[in-house]
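K.L.:
Sharing a structure, written as structure tokens. Questions coming.
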Amino acid sequence: MHVNGSYTFKADKQAVYDLMMSKDALAHCLPGCENLEEIGEDAYRATLKIGIAGIKGTYTCTIRTTEKVPLETWTLTIEGQAKTGNVKGVGRFSLADADDSTELTYDGDADIMGPLAGIGQRMLAPASRTIIGKFFECMSGQLSGSSQ
Amino acid sequence: MVLPKLVGSPIKRREDPRLVEGTSTYVDDIKLHGTLYCGIVRSVYAHARIKSIDTEAARQHPGVFAVVTGEDLKAGGIGMLPVAHRFGEGLKVPPRYPLAVGEVHFAGEAVAAVVATDRYVARDAVDLVQVEYEPLPAVVDLDAAYAGAPYVHEEFGTNIAFEWKLFNESGASIGEADVKLSQRIENQRLAPVPMETRGVVADYDKGKKSLTLWTSTQIPHLLRTFLSLLIGMPEHHVRVVAPEVGGGFGQKLNVYAEEGIASALSIQLGRPIKWIESRAESMASSIHGRGQTDYVDVGATKDGKITHLHVHILADLGAYHQLLTPVIPTLTGLMLTGPYTIPNLQCTVHGLFTNKVPTDAYRGAGRPEATYLIERVCDLVADATGVDPVEVRRRNFIGSDKFPYTTAAGLAYDSGNYPLALDKALSHIKYDEFRAEQAAARKNGKYLGIGFSTYVEVCGMGPSAAMPAGFGWESSTVRVDPTGKVTVTTGASPHGQGQETTFAQIAADELGVGVDDVIINHGDTAGSPYGVGTFGSRGTAVGGAAMMLAIQKVQEKAKRIAAHMLEASVDDITFENGKFGVKGAPDRAKSLGEIAWIAYTADTIPASIEPGLEATSFFEPPNFTYPFGTHIAFVEVDGDTGEVTLKRYVAVDDCGRVINPMIVDGQVHGGLAQGIAQALFEEVIYDDQGQLVTGSLMDYALPTARGLVSFETDHTTTPSPVNPLGVKGVGEAGTIGSTPAIVNAVVDALKPFGVTHIDMPMRGEKLWRIMNK
Amino acid sequence: MLPGEFEYHRAGSVDEAIKLIQQFGGDGKFIAGGHSLLPLMKLRLAEPAHLIDIGRLPNMAYVRRGNGTVSIGALTTHYQLEANADLAKSVQLIPEAAAHIGDVQVRNRGTVGGSVAHADPASDLPSVLVALNAEFVAKGPKGERTIKAADFFEDLMTTSLGEDELLTEIRFQAPQGKSGSAYEKLANKASHYSVVGAAAIVTLGGDGNVQDCALAFSGVSSRPVRATAVENALKGKQPTAENIASAASHAAEGIDYALSDIHASDEYRLAMTKVYAKRALTKAVERARNA
Amino acid sequence: MKVSMTVNGDQNSNDVEPRLLLVHYLREVLGLTGAHIGCETTQCGACTVLVNGDSVKSCTMLAVQADGADVLTIEGLQKDGKMHAIQEGFWEEHGLQCGYCTPGMIMSTLQLLQRNPHPSEAEIREGLQGNLCRCTGYHNIIKSVQHAAEHMKEGAAAD
């Protein structure tokens, strides 16, 4: 499943980049994050409760940031396992200056393996869109929170 | 009293009272004391290496009795699942264990099994088994699988499991034909979806060291043989029972992992084990059907005579061979010329492994693909030559005086009269008026279409020598009990076809008793001679014929006993109006019951006659049968949405002699619904990672009452010479004939948009795009 | 397909139901007919630890009319809407949309409240209620409040109901004067959910022109969407076939996100909004003329 | 927890897990195996029974939700050992083959004819939309329902 989109942050590139690399921000904004443990450089293990409304799966995830070009681009890979199946998301992120703000664009693939793929296909695309949207909204909130 | 002639009458089905009253027994209705429930852990990946399986949490779960993996079963002596073994050299056969060992090759493949106190706890425990995988690249698309790496089974270095060729060509080459055309034709994957999913109850008797397996199957006897080999238990210690079976459609013509797993677990735990497949499991792990991409080149004359047919079939086998997997696309190759005299035929089949559920026989099994292809070709030739599609078919028909007829593929068609069925179908419609109505409607933006399909199928499977794994015969025992009642056992194992009725009609007529004096038993290996099963429209053509031979033996013996009773010569004994008498002395005639009593009391019969009145026969058919017919579909395509509405459907079928016209029509109706649904909407879809995205009936559409019409059925009767009943079989006719009729009708409707071919299914969006490009 | 374990509580009153849901926080779920929740639980996509059965709460299944306001109790089943003779005359699109839901058995059990609180984007009633500018009455620990339809459906399976709030009633003004309404649907062939569902209400003035109209879609986006561009294009105009078609051509405007799945692409869904807008409006106009 | 319900006129009371589906209560606890399970996602209708007079898919209802209810299953349709007119209709018109969908189909037909004693073909097709049959193509099911409608005495449907 292809996912792409963009989000505008009211901050400069450095702030947005730092935010996206921040363990604390991730721990706060990754959907249903119950713990985020560093397992290496730019690599974490986390338990995420991902879903919409009452439909949530608890995923044991590894999260890695690779191919970093500071202030420009990076790749985020999330691999998770849950009872309803496994997920793998690989997203390429990039930042661009916009008038007094920064536009983050992402482009990637999210693959769902297992029962969820077979029974939930109708909902997967809009659900991932919603979940990603919430993530950025939360991150944006972190930004304004930290500037206060 | 003159007994009514039952054969040919639409008598009500004798199996129905228990079914409409809800008192019948399907597998899940069997409840043995102490039963434990089995749940299966299935692969979430289409292709992956199993790194580890952690069963501890599941084992610790309250109510869980056992958790086993592929390695456990293998160590316990459980072997590999069987495949059709007479396919020929060069067939690549990957090993397949009931629970995967080392690697998984499709999403849904069984990886581990749990056993628990009830089905809810078993389901809980399935979630507690942790499997760690190393994902490997999945092969999904057929053209990509043919092109090369990645490979489903790395060890073969190719995805091509086999190559199969037909070549019969002489004279001018296709390049010299007046008209040449090429078409890529897809025949999408389908799920059989019997309303009852599969299910198993395995019960091991420690004292007798024997196993009874109740399973929803079409082939209890073959299953018993293969199961004994799979689990290493002597065959005579295994009993297989097919209780009431809620539809098969080929999906239950197989030997499945769970039959072995439940058996192994019952032996291990000494308790009855029940496993009932969920619908999601059924969609993701029981066999699928169809799945071909066909590249077709056609040569024809200007006036629509097809001279050359060259076909390259890419057949989607899925990840493994099930019982008959590689055979199915070769049936397509053999039936490519349909009811037509096409002199030059070339066909190459490449059977391809993909990381998907294995394909195998689904209602029609290879023949719907052939019929779809050639009937599409007829319309393509009509388009290219300007000859009317009906006329193209007429010009290419094998003449009714040419039978038996050997086709370019080498098959000997038994009997047929194709123009007769076509004419009869045309007599139901007003073709010219429709064309005028269609032209007028088009001017108003209304798109009406008519589609024809004049098919022939190969049925009555079949002579053993021509069958992929032999086993082309069928058996039956006919016993007249001392009170004159008749107990028939048949090796065929019907599952909705109504043979408890049709066989009783035949037996009652032939033995001079009432239909209620006959009972037809089937589906229990302990209670019948070894048999084969019900599939390939063979139940009556082969199973009924076997019963007929046994009846004839009983009749002969009854005559000998009657001769003794009547103090006459056997040669003078007649059998009329249900009684055995002496020529010229009808008042002295004896009923079957009177004879049976003497046969069993046996104190008055001479030593030259064995006691009892029973006979067993095995019937080996000398040839297949070839039913045929003409189907005509009327559709309307919504110009705004592309949605197709079926307006009318006419089916004229010839299945040889008809035993029960009501049942024959019922078989046709059901087949039509399945064939129509393939044309319009049924489709198994995998994503590019090999995940099944049509994994439930929320996404895999089955036909409902609302989307169909009442069908107009009619028949011609051309008896088959290859069996003593003259029957041909009708179980698959509707499915085979209808798919191309619908597609041809939709393409016909969209002629104004310049299309000549549309791949199935005819989804609204697809047609909308054609109309709005 | 068997649900996981949970504790079951049967609420005897609305207050008790709210008390229970408060007690269990995010681990509790209301269940009425269960036709949205139980399938998810059987697939183990939803695993609430506590089910609070509100299916027997008294006096919550009704359709009432007074002073032009129609009130529908949250426990009213789809079948009760489908078979309501008064609605069939006054607000045709409600029984019409209800009759499009699932099948007879589903309509016998499924409730209006359960369906809209679940907010499946492909279910039929949400767009109907959005077109009707309905109000949703929610009761929670802090008392009762009403939520406007435009604010009720927030996103995919997400409403503005609080976790501890219970939807008790839906109400709206029945269209007045020379009005007609219709619901037209392109259904998914497997699930019967809407690929596109169009809910239209048209009121004609004395001059025969469209005095007021409302149009909303199910199935197209993550939540029901209102087609204001179509409404504006048709208001004040004669409801001729040309004018309806011309207005309907704006149907996809303002839909910033369209669903796309194996049954229909976003492009097709958006195109079908125009077709179904036309069909629903045409039918509504016809009914308004005969009102 | 404890559930009590009247099934086919008989009073039953049992202790069950809250998660037990009604269909499993009927089949496993009461031994009434006429209602079948065919899809589990509320599409096929093989598990259809009447609860308080309404046809429902018993695989999408918890047994505890039916506490106190009056349930009618296929086993309760016969009166004095005689088939119900709908059962007769399905038998007469060959409205079944493998029989797996049949009990649900018959219970849906009962609901249909209770609400509409003389349905048109289109109304029958609509009324049976919630029941899938893979064998008959519905052709003879339509005829079976018509046969039943003709032979059901006025008021008999409500029995």
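Chains as they are written, first to last, in the working numbering: chain G, 1 to 148; chain R, 1 to 773; chain X, 1 to 291; chain S, 1 to 159.
No residue lacks a Cβ here, since even glycine has one placed at the ideal position from N, Cα and C.
(1) In the DSSP assignment, what residue or residues form a beta bridge with Arg479 of chain R?
(2) Quick one: does Lys42 of chain X have its CB under 8 Å from some CB of chain G?
(3) So that I know if they touch, is there some Cβ in chain G lying closer than 8 Å to that of Met157 of chain X?
(4) Answer with yes or no whether the minimum CB distance from Pro3 of chain X to chain S is below 8 Å.
(5) Among R:Gly148, R:Val152, R:Ser278 and R:Leu181, which one has its Cα closest to the Cα of Cys38 of chain R?
(6) Using the DSSP secondary-structure output, state which residues sit across from Gln87 of chain S in a beta bridge.
(7) From R:Gly410, R:Tyr320 and R:Gly399, pick the residue whose C-alpha is nearest to that of Val166 of chain R; which is it?
(8) Measure the CB-CB distance between Arg96 of chain R and Leu81 of chain R and report whether it falls below 8 Å.
(9) Go to Cys29 of chain G, then tell me how far its beta strand (DSSP E) extends in each direction, as first and last residue.
(10) By alpha-carbon positions, which one of R:His757, R:Thr756 and R:Glu732 ends up nearest to Ala361 of chain R?
(11) Kindly say whether Thr47 of chain G, judged by its beta-carbon, lies nearer than 8 Å to any beta-carbon of chain X.
(12) Is it the case that the region 11 to 21 of chain R contacts the region 94 to 105 of chain S, given that we only count it when at least three CB pairs across the two stretches are under 8 Å?
(13) Please classify Val69 of chain G: is it buried, with 16 or more other beta-carbons within 10 angstroms of its beta-carbon, or exposed?
(14) Distance cutoff 8 Å, beta carbons only. Does Thr641 of chain R sit that close to anything in chain X?
(15) Under the DSSP definition of a beta bridge, which residues are partnered with Lys19 of chain X?
(16) With a threshold of 8 Å between beta carbons, is Leu62 of chain S in contact with chain X?
(17) If you measure from the beta carbon of Glu121 of chain S to each beta carbon in chain R, is any gap under 8 Å?
(18) Give, in chain order, every residue of the region 87 to 112 of chain S whose Cβ lies closer than 7 Å to some Cβ of chain R.
(19) Decide if the region 605 to 621 of chain R is in contact with the region 446 to 458 of chain R; the criterion is three or more beta carbon pairs, one per stretch, under 8 Å apart.
(20) Just curious, the beta strand (DSSP E) that Pro135 of chain R is in, first and last residue?
(21) Do Leu222 of chain R and Gly260 of chain R have their CB atoms nearer than 8 Å?
(22) Could you check which residue in R:Lys751, R:Ile742 and R:Leu750 has the C-alpha nearest to that of Pro761 of chain R?
(23) Between Val145 of chain S and the rest of its own chain, which residues show a CB-CB distance below 6 Å, the 5 nearest in sequence each way excluded?
(24) Report the neighbours of Leu697 of chain R on chain X: residues whose CB is nearer than 7 Å to its CB, in chain order.
(25) Please compile the residues from chain X whose C-beta is within a distance smaller than 8 Å of the C-beta of Val635 of chain R.
(26) Give the straight-line distance between the Cα atoms of Gln87 of chain S and Thr73 of chain S, rounded to the nearest whole angstrom.
(27) Within its chain, find whatever has a CB closer than 6 Å to the CB of Glu93 of chain S; leave out the 5 residues flanking it on each side and keep chain order.
(28) What number of angstroms, rounded off, separates the C-alpha of Gln689 of chain R from the C-alpha of Ala284 of chain R?
(29) Which of helix, strand or coil does DSSP assign to His250 of chain X?
(30) Whose CA, out of R:Gly171, R:Val131 and R:Met467, lies closest to the CA of Phe535 of chain R?
(31) Whether or not the region 191 to 208 of chain X and the region 166 to 181 of chain X are in contact is what I'm after, with contact meaning three or more pairs of Cβ atoms, one per stretch, closer than 8 Å; do they touch?
(32) At the level of alpha carbons, what is the spacing between Arg763 of chain R and Tyr700 of chain R?
(33) Quick one: is Val570 of chain R buried, meaning 16 or more other Cβ sit within 10 Å of its Cβ, or exposed?
(34) Indicate whether at least one CB of chain S lies closer than 8 Å to the CB of Ala138 of chain R.
(35) Does the Cβ of Glu163 of chain R have 16 or more other Cβ atoms within 10 Å, making it buried, or fewer, making it exposed?
(36) Check whether the region 103 to 121 of chain X touches the region 125 to 136 of chain S, counting contact only when three or more Cβ pairs, one atom from each stretch, lie closer than 8 Å.
P.N.:
In this structure, then:
(1) Residue numbering aside, residue 479 of chain R sits at position 479 when the second sequence is read from its first letter. R:Thr487 and R:Glu614, per the DSSP bridge assignment.
(2) Indexing the third sequence from 1 puts residue 42 of chain X at position 42. No, no contact with chain G.
(3) In the third sequence, counting from the first residue as 1, residue 157 of chain X sits at position 157. Taking Cβ atoms only, chain G reaches closer than 8 Å to Met157 of chain X, which makes this a yes.
(4) Here residue 3 of chain X is taken as the residue at index 3 of the third sequence, counted from 1. Chain S, which has a Cβ nearer than 8 Å to the Cβ of Pro3 of chain X, makes this yes.
(5) Sequence index remark: in the second sequence, residue 38 of chain R carries index 38 (1-based). When each option's Cα is compared against that of Cys38 of chain R, the closest is R:Ser278.
(6) Translated into positions along the fourth sequence, residue 87 of chain S becomes position 87. The partner list for Gln87 of chain S (beta bridge, DSSP) is empty, contrary to what the question assumes.
(7) Here residue 166 of chain R refers to the residue found at position 166 when the second sequence is read from its first residue. For the record, residue 166 of chain R in the displayed sequence is Leu; it is not Val. Nearest C-alpha to Leu166 of chain R: R:Gly410.
(8) Sequence index remark: in the second sequence, residue 96 of chain R carries index 96 (1-based). Sequence index remark: in the second sequence, residue 81 of chain R carries index 81 (1-based). A contact, by the Cβ cut-off of 8 Å.
(9) Locating residue 29 of chain G in the first sequence gives position 29, where the first residue counts as 1. Segment Lys23 to Cys29 is the alpha helix (DSSP H) holding Cys29 of chain G; no beta strand (DSSP E) there.
(10) Taking the second sequence and counting its residues from 1, the one referred to as residue 361 of chain R is at position 361. Measuring from the Cα of Ala361 of chain R, the nearest candidate turns out to be R:Glu732.
(11) Here residue 47 of chain G is taken as the residue at index 47 of the first sequence, counted from 1. Judged by the 8 Å Cβ criterion, Thr47 of chain G is not in contact with chain X.
(12) yes
(13) Translated into the one-based positions of the first sequence, residue 69 of chain G becomes position 69. By the 10 Å Cβ count, Val69 of chain G comes out exposed.
(14) Residue mapping note: residue 641 of chain R aligns to position 641 of the second sequence, counting from 1. With 8 Å as the cut-off, Thr641 of chain R counts as an interface residue toward chain X.
(15) For this step, residue 19 of chain X is matched to residue 19 along the third sequence. Bridge partners of Lys19 of chain X: none, in fact.
(16) Stepping through the fourth sequence from its first residue, residue 62 of chain S is reached at position 62. Answer yes: the Cβ-Cβ gap between Leu62 of chain S and chain X drops below 8 Å somewhere.
(17) On the fourth sequence, residue 121 of chain S is found 121 positions in, with the first residue counted as 1. Interface residue, yes.
(18) Gln87, Phe90, Trp91, Glu92, His94, Leu96, Gln97, Cys98, Gly99, Tyr100, Cys101, Thr102, Pro103 and Ile106
(19) no
(20) Stepping through the second sequence from its first residue, residue 135 of chain R is reached at position 135. Its beta strand (DSSP E) spans residues Gln130 to Pro135.
(21) The residue labelled residue 222 of chain R in the question sits at position 222 within the second sequence. The residue labelled residue 260 of chain R in the question sits at position 260 within the second sequence. No. Outside cutoff.
(22) Locating residue 761 of chain R in the second sequence gives position 761, counting from the first residue. Checked all of R:Lys751, R:Ile742 and R:Leu750; the closest Cα to Pro761 of chain R is R:Ile742.
(23) What you label residue 145 of chain S is simply residue 145 of the fourth sequence in a count that begins at 1. Result list for Val145 of chain S: Thr109 and Ile124, in chain order.
(24) Locating residue 697 of chain R in the second sequence gives position 697, where the first residue counts as 1. What Leu697 of chain R touches in chain X: Ala190.
(25) Position 635 of the second sequence holds residue 635 of chain R. Ordered by position in chain X, no residue passes the 8 Å Cβ test against Val635 of chain R, which lies about 15 Å from the chain.
(26) Translated into the one-based positions of the fourth sequence, residue 87 of chain S becomes position 87. Translated into the one-based positions of the fourth sequence, residue 73 of chain S becomes position 73. Taking the straight line from one Cα to the other gives about 13 Å.
(27) Residue numbering aside, residue 93 of chain S sits at position 93 when the fourth sequence is read from its first letter. Hits under 6 Å: Asn140, Lys143, Ser144 and His147.
(28) Along the second sequence, one-based indexing puts residue 689 of chain R at 689. Along the second sequence, one-based indexing puts residue 284 of chain R at 284. One C-alpha to the other measures close to 14 Å.
(29) Looking up residue 250 of chain X in the third sequence gives position 250. If DSSP states are grouped into helix, strand and coil, His250 of chain X belongs with coil.
(30) Walking along the second sequence from the start, residue 535 of chain R turns up at place 535. It is R:Met467.
(31) yes
(32) Position 763 of the second sequence, counting from 1, holds the residue named residue 763 of chain R. Position 700 of the second sequence, counting from 1, holds the residue named residue 700 of chain R. Those two C-alpha atoms are separated by around 13 Å.
(33) Within the second sequence, numbered from 1, the residue matching residue 570 of chain R stands at position 570. Answer is exposed; the Cβ neighbour count stays below 16.
(34) The residue given as residue 138 of chain R occupies position 138 in the second sequence. False, the Cβ-Cβ gap to chain S never drops below 8 Å.
(35) In the second sequence, residue 163 of chain R corresponds to position 163, counting from 1. So Glu163 of chain R ends up on the exposed side.
(36) yes
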